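Throughout the sequence shown, residue numbering follows our numbering, covering 2 to 149 in sequence. Please read the structure below before turning to the comments.
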Amino acid sequence: MLEIRLATPREGDPPPVLSVRQWIRSDGGENLLDPFDEPIEWSLGVEENGPGVKSVPETVMSVPRPNPFRGSTTISLEVREGGRGTLAIYDLRGRRIRVLSDCSYQPGLYRLSWDGRDSCGAISPSGIYLVHFSHGGRAYRQKVVFLR
């Protein structure tokens, strides 16, 4: 199920926020046992860069390509503010499968690949995985489907 809400601001309110909440349910088999229920929010509106107004840059993480994938997939990041960041792969039960990067990021474009292997080098089972990038006190997530 996917729920999308958009509030229209009133005079003097902050810019509107698009809130997306998704639930992943089990089909009764081994896959998708736990719901992934965390809102993902984007601020909408026009940024003002007048005197005394500072816009806060945000990092952007694209959907991994190709998706679904066999072999490897590429995750693209556009980091707009320097700072420490961690890019990791998780299964739907919340277990960390592999850390792809844990370092200091400078503003710029980054492309990282995941070959479907875990931290020990073993090939992961086919399924849905969460790509998680934490940076600047925020978390960014995308789903990717790995096919063996």
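Backbone N, C-alpha and C define an ideal beta-carbon position, used for all residues, glycine too. Bear in mind the structure is a predicted one, so any value in this text is a computation, not a measurement.
Give the secondary structure of residue i by DSSP, where H, G and I count as helix, E and B as strand, and everything else as coil.
i       : result
Gln-143 : strand
Pro-127 : Position check: residue 127 holds Ser in this sequence, whereas Pro was assumed. In the structure shown, Ser-127 sits in coil (DSSP, three-state: anything other than H, G, I, E or B).
Pro-36  : In this prediction, Pro-36 has a pLDDT of 42, which is less than 50 and means its spatial position is unreliable; what the coordinates show is noted afterwards. Reduced to three states, the DSSP call for Pro-36 is coil.
Ser-120 : coil
Gly-138 : coil
Arg-22  : Any reading at Arg-22 must be qualified, since the residue scores a pLDDT of 49, below 50, and its modelled position is unreliable; the value itself is stated next. Residue state, collapsed to three classes: strand.
Ser-27  : At Ser-27, the pLDDT of 44 sits below 50, so the modelled position is not reliable; the number obtained from the coordinates is stated separately. Of the three classes helix, strand and coil, the one that applies to Ser-27 here is coil, per DSSP.
Identify the continuous beta strand (DSSP E) that holds residue i and give its terminal residues.
i      : result
Gly-84 : 84-92
Arg-97 : 97-106
Which residues share a DSSP beta bridge with residue i?
i      : result
Thr-75 : Arg-66 and Ser-114
I'd like to know whether the C-beta atoms of residue i and residue j end up nearer to each other than 8 Å.
i       : j       : result
Leu-93  : Phe-134 : no
Leu-148 : Ser-125 : no
Trp-115 : Ser-73  : yes
Val-132 : Ile-98  : no
Gly-170 : Gly-84  : Residue 170 is absent from the structure shown; the chain starts at 2 and stops at 149.
Pro-108 : Arg-81  : yes
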